[in-house]
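Right, one structure below, let's go through it.
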Amino acid sequence: MDFATLIQILDSSVRLATPLLFACLAGLFSERAGVFDIGLEGKMLAAAFLSASVAAVTGSVWLGVLAGIFASLLLSGIHGLAAITFRGNQLISGVAINFLASGLTVLLGQKWFGLGGRTPPLTGEGRFESITLPFADAIAPLPFIGPIYAELISGHSALVYLGFACVPAAAWLLYRTRFGLRLRAVGENPAAVDTAGVSVVGIRYSAVAICGVLCGLAGAYLALGLAAGFGKEMTAGRGFIALAALIFAKWRPWYALGATMLFGFLEAVGNRFPTIELGPIAIPSQFVQALPYIITVVILAGFIGKARPPRAGGEPYVKER
Amino acid sequence: MSLMKTLAAATATIALTAGMAAADPALIFDLGGKFDKSFNEAAYEGAQRWAKETGGSYKELEMQSEAQREQALRRLAESGANPVVMTGFAFGDVLNQVAPDFPDTKFAIIDMVVDQPNVKSVVFTEEQGSYLVGMAAAMASKTGTVGFVGGMDIPLIRKFACGYAQGVMAVNPDAKVIANMTGSTPAAWNDPVKGGELAKAQKAQGADVIYAAAGGTGLGVLQAAADEGILSIGVDSNQNYLHPGKVLTSMTKRVDNAVYDIFKSGTDMTPGITVMDFAAGGVGYAVDDNNKDLITPAMQEQLDKAGKLIASGTLKVHDYMSDETCAALSF
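For the record, the sequence lines run as chains A and Z.
Counting in my numbering, the final residue of the first sequence is number 943, and the numbers go up one at a time with none missing.
Counting in my numbering, the final residue of the second sequence is number 347, and the numbers go up one at a time with none missing.
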């Protein structure tokens with residue numbers, strides 16, 4: 623494998639990892655506050671659908687992104703209502719959101735556009751164009767650094783850079799602010815937070831809302847950045863891979879970056895080399911595609927460190943028994 | 017009084033026609049969905065053409081999950097629909113079980129052979145159509161490298177890939193064919209994002225014409241190819257119009273004709289195996305206003321020549337499904 627191939631694979635990894643990164647950070651906020659969210663997939667799907675619809679109708683990619691965030695927030699609100707206010711089972715609420723999004727997107731899509739749940743293909747202003755960073759053309763001829771800057775770092779859409787910026791922002795918010803401390807505490811020991819006079823419900827709702835915004839960005843990036851429009855079930859399980867990445871990352875923002883990049887890299891390698899020949903053994907691409915799940919199972923089995931979920935995760939907070 | 021008689025006669029006639037119309041044909045679409053711009057949509061168009069011409073009506077059903085197959089078949093057969101047409105190889109096993117339970121209902125399956133006395137199996141010689149678009153790809157390619165993106169990794173899709181590779185090799189024996197499958201689950205038919213990434217990866221390896229046989233995933237392949245400034249080849253339906261001037265051609269599989277013919281013959285449909293090959297117009301390649309500048313007269317001449325040889329049976333394209341091997345391409 624030569625250097626140019628490596629750059630191309632890494633470039634593809636970044637594109638494939640970005641939706642996972644957004645979704646993983648989304649899940650991180652929600653779960654760190656004690657609200658398990660397996661509805662990431664559904665929220666991404668709804669966001670992808672509404673962002674593509676609005677972008678197709680208005681021709682504006684940023685209005686599309688806002689619409690995507692709105693759709694995702696709406697589902698987050700439902701999840702919050704069911705899981706926080708009504709103290710329902712968080713997993714069941716998440717499953718319901720996945721089903722709701724899966725059915726509603728196709729139904730509304732067919733009603734609005736009559737293309738079988740597909741949105742009209744997006745062109746021009748309705749899609750994210752790749753951004754060429756300053757000096758990319760000037761640096762490109764340089765050996766080694768040139769291709770890395772011009773091809774790997776430059777030339778992605780705006781949401782990719784936003785995704786990377788979200789990682790330090792999330793780390794700062796969680797570990798350096800009062801809100802972050804409370805959010806983490808709500809996920810570990812909500813009774814203590816309540817005793818301190820802070821609203822557990824309020825903090826959990828804010829966390830779920832942040833989760834909604836980030837999922838919205840993930841979905842919008844799929845429909846407006848990677849593809850050119852919405853197709854039914856186009857998330858294709860990425861929300862669940864993001865959940866696996868979240869466990870792999872042990873619910874930490876910087877680890878989440880590493881985990882999603884690794885998963886993106888594995889997918890890119892699987893795309894580039896259908897079979898990997900290692901001397902006499904040929905590894906089929908199915909194995910590489912399955913690797914993220916295998917790694918997650920290994921992690922869960924406790925072979926590589928222990929992944930400890932937030933202690934109060936999955937349990938609705940009840941003030942008095 | 018005579019007026020009353022005429023009226024009564026007219027009513028009786030209408031009642032009779034209505035009674036006959038109860039045996040409406042039915043069409044079941046596979047998981048790709050009715051509007052996949054490809055395989056299932058072609059079937060839908062065939063049914064619509066029949067409905068428009070005859071004024072008849074038909075029942076239709078879209079699969080949402082694997083588990084619905086048997087239930088859907090039984091429901092339609094019980095409701096009196098006749099014949100019941102289904103698209104896709106995946107119905108094979110289920111139909112084999114259901115068909116004997118409804119000996120008076122006729123079934124037709126597209127893309128699969130089911131050996132039952134009341135089943136008509138329609139299969140296409142996709143390898144022939146793919147061979148021709150493979151030739152076109154090799155002639156249009158400047159780099160000598162062409163790509164193939166398949167949907168779910170099943171023998172049928174390998175048949176497309178194998179025919180394509182043979183066509184490419186026939187024009188340029190030194191050409192390189194990069195073949196990727198999107199996945200090994202039905203989700204692989206609906207992942208345009210992955211399709212686009214695969215197309216970009218193939219372009220990075222030098223491919224400048226990419227053939228997509230991947231349902232909804234293929235739309236992502238065509239989009240990425242158009243974005244990257246290379247050519248693509250559509251499949252099943254004529255997809256040339258999706259990106260005018262950027263889609264070299266489309267391998268057409270006239271599922272619409274198959275469905276139309278079955279609907280037209282109605283309950284008189286003869287069971288057995290029908291092979292829709294190139295000679296019968298079952299498969300081919302699309303040339304229209306959108307791509308006529310891409311297919312040069314020299315290319316057209318070569319394609320016509322090969323087409324004649326295939327139609328006459330002189331040129332045999334190897335069918336992957338006959339022995340599950342492919343000399344032109346390794347998977």
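Every residue, glycine too, gets a C-beta built ideally from N, C-alpha and C.
From residue i to residue j, what does the alpha carbon distance come to, in whole angstroms?
i	j	result
LYS928 (chain A)	VAL835 (chain A)	29 Å
ALA314 (chain Z)	VAL187 (chain Z)	13 Å
ILE753 (chain A)	VAL820 (chain A)	43 Å
LEU755 (chain A)	GLN318 (chain Z)	46 Å
ALA97 (chain Z)	PHE123 (chain Z)	10 Å
GLU213 (chain Z)	GLN64 (chain Z)	35 Å
GLY924 (chain A)	PHE862 (chain A)	20 Å
THR33 (chain Z)	ALA42 (chain Z)	The predicted model places THR33 (chain Z) with a pLDDT of 44, which falls under 50 and marks its position as unreliable; any figure quoted below should be read in that light. For THR33 (chain Z) and ALA42 (chain Z), the distance between alpha carbons rounds to 18 Å.
THR627 (chain A)	SER907 (chain A)	18 Å
THR141 (chain Z)	GLU855 (chain A)	30 Å
ARG800 (chain A)	GLY880 (chain A)	26 Å
ALA849 (chain A)	ILE714 (chain A)	30 Å
GLY150 (chain Z)	THR70 (chain Z)	38 Å
VAL823 (chain A)	ILE700 (chain A)	14 Å
ALA177 (chain Z)	ALA195 (chain Z)	7 Å
THR198 (chain Z)	ASP169 (chain Z)	7 Å
Which word fits residue i, buried or exposed, when buried means at least 16 other C-beta atoms lie within 10 angstroms of its C-beta?
i	result
ASP46 (chain Z)	buried
PRO769 (chain A)	buried
VAL291 (chain Z)	exposed
PHE870 (chain A)	buried
ALA818 (chain A)	exposed
TRP205 (chain Z)	buried
TRP876 (chain A)	exposed
ARG740 (chain A)	buried
VAL271 (chain Z)	buried
ILE126 (chain Z)	buried
ARG637 (chain A)	buried
GLN87 (chain Z)	exposed
In chain order, what residues of the same chain have a beta carbon less than 8 Å from the beta carbon of residue i, not counting five sequence neighbours either side?
i	result
GLU244 (chain Z)	ALA215, LYS216 and LYS219
ILE226 (chain Z)	VAL162, GLY163, PHE164, VAL165, ALA215, GLN218, LYS219, VAL237, ALA241, ILE246, LEU247, SER248 and ILE249
ALA772 (chain A)	ALA758, ASP759, ILE761 and ALA762
If you drop the 5 nearest sequence neighbours on each side, which residues of the same chain put their C-beta closer than 6 Å to that of residue i?
i	result
MET337 (chain Z)	PRO171 and LYS175
PHE671 (chain A)	THR727 and PHE852
ALA37 (chain Z)	Because the pLDDT of ALA37 (chain Z) is 45, which lies under 50, any placement of that residue in the model is unreliable, and the question is left without a value.
SER157 (chain Z)	ASP224 and VAL225
With DSSP run on the structure shown, which of helix, strand or coil describes residue i?
i	result
PHE107 (chain Z)	helix
GLU78 (chain Z)	strand
GLY163 (chain Z)	strand
ASP816 (chain A)	helix
LYS324 (chain Z)	helix
MET128 (chain Z)	coil
ASP169 (chain Z)	coil
SER821 (chain A)	coil
THR70 (chain Z)	helix
SER907 (chain A)	helix
ASN112 (chain Z)	helix
ILE916 (chain A)	helix
GLY300 (chain Z)	strand
VAL636 (chain A)	helix
GLU340 (chain Z)	coil
LEU796 (chain A)	helix
MET415 (chain Z)	Missing from the structure shown is residue 415 (chain Z); chain Z here goes from 17 to 347 and no further.
MET856 (chain A)	coil
LYS219 (chain Z)	helix
VAL225 (chain Z)	strand
HIS701 (chain A)	helix
THR312 (chain Z)	coil
By Cβ distance below 7 Å, which residues in the same chain neighbour residue i in space, the five residues on each side in sequence not counted?
i	result
THR640 (chain A)	LEU781, VAL782, GLY785 and TYR843
VAL679 (chain A)	none
GLU78 (chain Z)	PHE45, GLY49 and LYS50
LEU913 (chain A)	LEU888
Less than 8 Å between CB atoms is the rule here; does residue i satisfy it with respect to chain B?
i	result
LEU844 (chain A)	Among the protein chains of the structure shown, namely A and Z, there is no chain B.
Residues within the region 726-748 of chain A neighbouring chain Z, beta-carbon criterion of under 9 Å: Across the region 726-748 of chain A, CB contacts with chain Z closer than 9 Å involve VAL728, GLN732, GLY736, LEU737, GLY738, GLY739, ARG740 and PRO743, in sequence order along the chain.
Residues within the region 225-246 of chain Z neighbouring chain A, beta-carbon criterion of under 7 Å: Residues of the region 225-246 of chain Z with a C-beta atom less than 7 Å from some C-beta of chain A are GLY232, LEU235, GLY236 and GLN239, listed in chain order.
Chain-ordered residues of the region 664-689 of chain A with a beta carbon less than 8 Å from chain Z: For the region 664-689 of chain A, there are no residues whose beta carbon sits under 8 Å from a beta carbon of chain Z.
Residues from the region 849-866 of chain A in contact with chain Z, defined by Cβ distance under 7 Å: Cβ contacts with chain Z: ALA849, ALA850, GLY853, LYS854, GLU855, MET856, ALA858 and GLY859.
Residues from the region 187-201 of chain Z in contact with chain A, defined by Cβ distance under 8 Å: Across the region 187-201 of chain Z, CB contacts with chain A closer than 8 Å involve ALA195, ASN196, MET197, GLY199 and SER200, in sequence order along the chain.
Residues from the region 76-90 of chain Z in contact with chain A, defined by Cβ distance under 7 Å: Within the region 76-90 of chain Z, no residue has its Cβ closer than 7 Å to any Cβ of chain A.
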